[in-house]
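Encoded as structure tokens, the structure appears first; notes follow it.
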Amino acid sequence: KWRKDVETSQLTCFDPFLTTLDTYLDQITNYFLHRDSSGFVEGLNNKVKVLKRRCYGLRNLDHFFQRLFLDLEGYRLFAPFGAPHYI
């Protein structure tokens, strides 16, 4: 009902919202039904992107992957037993 009211009115400010809603309706409903999101993957991509900036000039690709492993898993390997692991 709301959508019909907006479409019949002369308001154009909702047009981008309705276009986005039409485009991503399946993903939006999937999130509310199953709580699936791409948050984990986006966070991982962000960590890799930040590490690439920090390791600028690193010549050995193996060293880059070692740094990536340490950044993602290193706190679990070197944290004292019982220490909080929410870094």
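Numbering follows my numbering, in which position 16 of the sequence shown is assigned residue number 12; successive positions increment by one, without gaps. Cβ atoms here follow ideal geometry from the backbone N, Cα and C, with glycine treated the same way.
Using alpha carbons as the reference points, say which of the options lies closest to residue i.
| i | options | result |
| --- | --- | --- |
| GLU69 | LYS43, GLY53, CYS51 and LEU57 | LYS43 |
| LEU14 | VAL2, LYS45, TYR52 and PHE28 | VAL2 |
| PHE65 | GLY35, TYR52, LEU40 and TYR20 | LEU40 |
Where do the ends of the alpha helix (DSSP H) carrying residue i lie?
| i | result |
| --- | --- |
| ASN42 | 35 to 50 |
| GLN62 | 57 to 74 |
| LYS0 | -2 to 4 |
| LEU29 | 11 to 30 |
Using C-beta distances below 7 Å, list every residue in its chain close to residue i, excluding the 5 sequence neighbours before and after it, in chain order.
| i | result |
| --- | --- |
| PHE28 | none |
| ASP32 | ASN26 |
Establish whether the CB of residue i and some CB of chain C are separated by less than 7 Å.
| i | result |
| --- | --- |
| LEU29 | Of the protein chains in the structure, only one exists, and it is not chain C. |
Keeping to the same chain, check which residues put their C-beta closer than 6 Å to that of residue i; ignore five residues upstream and five downstream.
| i | result |
| --- | --- |
| PHE10 | VAL2 |
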